[in-house]
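The listed protein sequences derive, respectively, from chains A and B.
Letter 368 of the first sequence, counting from 1, is numbered 368 in this note's numbering, and no numbers are missing.
Basically this note's numbering = 1-based index in the second sequence + 1000.
I have placed the structure first, in the form of structure tokens, so that the comments after it can refer back to it.
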Amino acid sequence: MNALQSSTAPASGRFSRYVRRSREEGRLVVQPRMGFADTATMRRGLEAVRGVHAASVGTVTVDSYTRVNDHVSARRALDRGDDLNGYPVVAHGEEETRRLLGGVSGDDFPVQFRHGSALPRELFGTLARVGADATEGGPVSYCLPYSRVPLPQATEAWAECCRILADRPEPMHLESFGGCMLGQLCPPSLLIALSVLEGMFFRENGMRSISVSYAQQTDPQQDLEALAALRRLAAQWLGDDVDWHVVLYTYMGVFPRTSVGAYRMLEDSVRLAVRSGTERLIVKTAVEAYRIPTIEENVDALEFAAAVEAEERSRPPAAEAVRQTGIYEEALRLITSALAFGDDVGSALVGAFAHGHLDVPYCLHQDNANRSRAAIDPRGTLRWSDPGAMPVAASYHQGTAKVTARSLIDMLGYNERRFDREELVGAAVKGML
Amino acid sequence: MDEISTALSSRFIVTSVSSDAHMWNLVFLQLLLEERGAEVVNLGACVPDDAILAECRRQRPDVLVVSTVNGHGHLDGLRLIEQIRRDPELAELRVVIGGKLGIRGAENARFGSELVAAGFDAAFEAEAGMAEFESFLGGLEKGPSRELAMAGQEGAA
Chain A
1 MNALQSSTAP ASGRFSRYVR RSREEGRLVV QPRMGFADTA TMRRGLEAVR GVHAASVGTV
61 TVDSYTRVND HVSARRALDR GDDLNGYPVV AHGEEETRRL LGGVSGDDFP VQFRHGSALP
121 RELFGTLARV GADATEGGPV SYCLPYSRVP LPQATEAWAE CCRILADRPE PMHLESFGGC
181 MLGQLCPPSL LIALSVLEGM FFRENGMRSI SVSYAQQTDP QQDLEALAAL RRLAAQWLGD
241 DVDWHVVLYT YMGVFPRTSV GAYRMLEDSV RLAVRSGTER LIVKTAVEAY RIPTIEENVD
301 ALEFAAAVEA EERSRPPAAE AVRQTGIYEE ALRLITSALA FGDDVGSALV GAFAHGHLDV
361 PYCLHQDNAN RSRAAIDPRG TLRWSDPGAM PVAASYHQGT AKVTARSLID MLGYNERRFD
421 REELVGAAVK GML
Chain B
1001 MDEISTALSS RFIVTSVSSD AHMWNLVFLQ LLLEERGAEV VNLGACVPDD AILAECRRQR
1061 PDVLVVSTVN GHGHLDGLRL IEQIRRDPEL AELRVVIGGK LGIRGAENAR FGSELVAAGF
1121 DAAFEAEAGM AEFESFLGGL EKGPSRELAM AGQEGAA
């Protein structure tokens, strides 16, 4: 882990200080994805996460109405007692959200608000005022996959939003969601490039406490190479004055349906986090394939992750060197080629997407070229079957076979099948005996 | 899904609901419908109600397919279909909804009948799999009629 690049800037803000301290103690920070509509349940959730046997940080996931600034619908749902899929910060208001955090969040338990909004001005204003420790997203990563907002407009809004966070006396931490584009079927080089570019955009707009992200994909060796490349590029491009770390997401795509499969998937992501020197991990639960998890299911996932982490750290370090297939070089090329499209990072991002030099495979947003295509090769490695106009080479040639509904479903379900095999196939074989 | 038919000559609009950002369901549906010979306009994720109504008025599709998996479908879908049925131009439009309609897993089934009662021609809860939607499409291939479409709703309840 010592050979890996890490931030040299002093940690600033509660969130980042906690992550730094945990790293120095050799502990992986684990974090759930958790959001409930009413304050009492959300509070219970935060308290439960604070109490887990692990280095944990809290999450308040904001609901989808707040994401699209439809605070009226969120308010109406609260009044009627309808189900919401998260905590509506703006509809609840400042006082209520302060009550939610009071006495729970602190130096030993910073809380991040997770939202998915392309235009989070109002949300960020509230978060800055209530003393939230961190939030996340980005001008690209919360625009293209999650909205119909034009990219130039989202970029402009995010520049202002960064200022809101940066101007607070105790600066907030901001994480790029660029490493998770569409959750799956986006090759590592583009995930890395987008996360680093968004990190640079945050810095350009005043942020100094930043995390870059990466989501577990289909091949552990490829993911390990990708995380090493991400660290190297973050160290090179974010600058000495930025306090940064890496956050890994347990697989964000179609999840295994069996409990054994889901836990194996989570286990793999924990081992990947430890081996790659990643500071923070956002976990998934055993019920991911079915529904929003309960507080208890989240606690189980966090404690399971901490147990796997301890076991992994007790193992001798891997003798094998990290595979080198050119992910670093490809991501670097995407970054430098994108930056040539503008005088600042914001306009460069807009220009690069307009010209298809950045192009998220399968993404339907009107400002994404949607010419690039990715596929999973027979060895399980995620590759470019068609890079569109991006300055990278196709690395997997499927001939003329077009992506069909069937082959898309097969690719989307690759990890689901891989991890569910143990229980499903095992059960079938047992039944035959 | 294995038997790909090209008999579907209908024009479809595929869309999500206003608060739902999920995209793979929409990419998949477009491919599925196109492989069956349909013409598809894909409005993508997080489409406001007004935009859906405006596109339907402009494009005059044979079917509007609403796909949603974020758990708000029973709320957003209800609001959307009420507006569609109030619009004189769209009152007769065939509209179906499918996906994860609530946040309660298998218990979501009850939302399907509520949505159909509110004006959807059919509702397909994800827990029931794709079979009901496939049979709905099969019905269209034989010649669209409201009665055939109604067969889809029984599986949803």
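Every residue, glycine too, gets a C-beta built ideally from N, C-alpha and C.
Computed from a prediction, not measured in an experiment: that's the story for all the values here.
Report the rounded CA-to-CA distance for residue i versus residue j, giving the unit in angstroms.
i                    : j                  : result
alanine 226(A)       : leucine 332(A)     : 12 Å
tyrosine 142(A)      : methionine 207(A)  : 18 Å
glycine 137(A)       : asparagine 1025(B) : 22 Å
alanine 36(A)        : leucine 78(A)      : Just to set this straight, residue 36(A) is phenylalanine in the shown sequence, not alanine. Each residue's Cα considered, the two are about 11 Å apart.
isoleucine 1013(B)   : glycine 116(A)     : 25 Å
phenylalanine 113(A) : proline 120(A)     : 12 Å
isoleucine 1084(B)   : glutamate 1035(B)  : 28 Å
methionine 1(A)      : serine 1018(B)     : Confidence at methionine 1(A) is low in this model, with a pLDDT of 41, below 50, so its placement is unreliable and the value that follows should be read with caution. Roughly 44 Å separates the two Cα atoms.
isoleucine 1097(B)   : aspartate 367(A)   : 27 Å
tyrosine 290(A)      : arginine 257(A)    : 8 Å
glutamate 1132(B)    : proline 10(A)      : 57 Å
serine 269(A)        : glutamate 1092(B)  : 50 Å
glycine 239(A)       : aspartate 167(A)   : 20 Å
asparagine 1070(B)   : alanine 1021(B)    : 8 Å
phenylalanine 255(A) : proline 1088(B)    : 42 Å
glutamine 1059(B)    : serine 1010(B)     : 12 Å
alanine 40(A)        : tyrosine 18(A)     : 25 Å
proline 391(A)       : methionine 252(A)  : 26 Å
arginine 44(A)       : alanine 307(A)     : 23 Å
leucine 1029(B)      : alanine 405(A)     : 7 Å
glycine 58(A)        : serine 1067(B)     : 31 Å
histidine 365(A)     : glycine 356(A)     : 13 Å
methionine 42(A)     : aspartate 82(A)    : 15 Å
leucine 1043(B)      : valine 1095(B)     : 15 Å
proline 378(A)       : valine 403(A)      : 15 Å
valine 1116(B)       : isoleucine 335(A)  : 49 Å
glutamate 170(A)     : proline 110(A)     : 13 Å
Note down, in chain order, each residue of its chain lying with its Cβ closer than 7 Å to the Cβ of residue i, except the 5 sequence neighbours on either side.
i               : result
alanine 434(A)  : Given that chain A is displayed from residue 1 to residue 433, the structure contains no residue 434(A) and the question cannot be resolved.
glycine 261(A)  : Phe419, Asp420, Glu422, Glu423
arginine 203(A) : Ile210, Leu238, Gly239, Val242
arginine 129(A) : Glu94
threonine 97(A) : Val89, Thr126, Val130
proline 150(A)  : Asp367
Find out if the Cβ-Cβ distance for the pair residue i, residue j is shorter than 8 Å.
i                    : j                 : result
glutamine 184(A)     : leucine 4(A)      : no
leucine 358(A)       : alanine 338(A)    : yes
aspartate 243(A)     : serine 105(A)     : no
aspartate 108(A)     : histidine 173(A)  : no
isoleucine 192(A)    : alanine 229(A)    : yes
glycine 326(A)       : threonine 155(A)  : no
arginine 275(A)      : alanine 318(A)    : yes
glutamate 1101(B)    : glutamate 1134(B) : The displayed chain sequence assigns leucine, not glutamate, to residue 1101(B). Their beta carbons are not under 8 Å apart, which means leucine 1101(B) does not touch glutamate 1134(B) by this criterion.
phenylalanine 201(A) : proline 152(A)    : no
asparagine 69(A)     : glutamate 25(A)   : no
valine 1040(B)       : arginine 148(A)   : no
leucine 1064(B)      : glycine 1037(B)   : no
glycine 102(A)       : threonine 61(A)   : no
Report all residues from its chain with a CB closer than 8 Å to the CB of residue i; omit the five preceding and five following residues, and keep chain order.
i                    : result
tyrosine 146(A)      : Arg67, Gly116, Ser117, Ala118
alanine 74(A)        : Asp63, Tyr65, Thr66, Leu84, Pro88, Val90, Ala91
cysteine 363(A)      : Leu144, Pro145, Met181, Leu182, Asn370
glutamate 1082(B)    : Ala1118, Gly1119
phenylalanine 435(A) : As shown, chain A starts at 1 and ends at 433. That puts residue 435(A) outside it, with no answer to give.
alanine 301(A)       : Pro32, Leu266, Val283, Lys284, Thr285, Ala286, Pro293
arginine 1057(B)     : Asp1087, Glu1089, Leu1090
leucine 224(A)       : Leu272, Arg275, Ser276, Val322, Arg323
glutamate 303(A)     : Val52, His53, Ala54
Within a Cβ cutoff of 6 Å, which residues of the same chain sit near residue i, ignoring the five residues on either side of it in sequence?
i                  : result
arginine 23(A)     : Glu279
serine 259(A)      : Ala286
alanine 55(A)      : Ser22, Arg27, Val29
threonine 381(A)   : Asp219, Gln222
glycine 199(A)     : Ser176, Ile210, Val212, Leu238
methionine 1023(B) : Ala1045
Answer yes or no: the CB of residue i versus the heavy atoms of the ligand MN, is any distance below 7 Å?
i                 : result
glutamate 1107(B) : Judged by which ligands are present, the structure shown has none, so any question about the ligand MN falls away.
Quiz item: Below 8 Å, can you find three or more Cβ-Cβ pairs linking the stretch 42 to 56 of chain A to the stretch 283 to 300 of chain A?
Solution: Three or more Cβ pairs closer than 8 Å define a contact, and the stretch 42 to 56 of chain A meets that threshold against the stretch 283 to 300 of chain A.
Quiz prompt | Those runs of the alpha helix (DSSP H) which lie wholly inside the stretch 91 to 174 of chain A and span at least 4 residues | solution = Those alpha helix (DSSP H) runs which fall completely within the stretch 91 to 174 of chain A and span 4+ residues are 94 to 101, 121 to 130, 151 to 166.
Self-check item: the stretch 209 to 225 of chain A / the stretch 180 to 195 of chain A touching (three or more Cβ pairs under 8 Å)
Solution: The stretch 209 to 225 of chain A, when compared against the stretch 180 to 195 of chain A, does touch it at the 8 Å Cβ threshold.
Quiz item: On the three-pair Cβ rule with 8 Å, is the stretch 238 to 252 of chain A touching the stretch 348 to 355 of chain A?
Solution: Not touching, per the Cβ criterion.
Exercise. Report yes or no: do the stretch 1105 to 1114 of chain B and the stretch 1072 to 1084 of chain B share at least 3 C-beta pairs separated by less than 8 Å?
Key: Result yes; three or more Cβ-Cβ pairs closer than 8 Å.
Quiz prompt | Sequence ranges, alpha helix (DSSP H) only - wholly within the stretch 1105 to 1138 of chain B, length at least 4 | solution = Correct list: 1109 to 1118.
Quiz item: Where in the stretch 240 to 312 of chain A do unbroken runs of the alpha helix (DSSP H), each at least 4 residues long, occur, reported from the N-terminal end onward?
Solution: Positions of the alpha helix (DSSP H) runs, each at least 4 residues long and wholly inside the stretch 240 to 312 of chain A, are given as 259 to 276 in order along the chain.
Practice problem: Can you check the stretch 329 to 376 of chain A for any alpha helix (DSSP H) of at least 4 residues that lies completely inside it and give the ranges in chain order? | Solution: Entirely contained in the stretch 329 to 376 of chain A, the alpha helix (DSSP H) runs reaching 4 residues are, in chain order, 345 to 354.
Self-check item: Length-filtered (4 minimum) alpha helix (DSSP H) runs lying within the stretch 168 to 232 of chain A
Solution: DSSP assignment within the stretch 168 to 232 of chain A yields the following whole alpha helix (DSSP H) runs of 4 residues or more, N-terminal first: 188 to 204.
Quiz item: Can you give, in chain order, each stretch of the beta strand (DSSP E) that sits fully within the stretch 2 to 84 of chain A and has at least 3 residues?
Solution: Runs of the beta strand (DSSP E) inside the stretch 2 to 84 of chain A: 29 to 31, 58 to 61.
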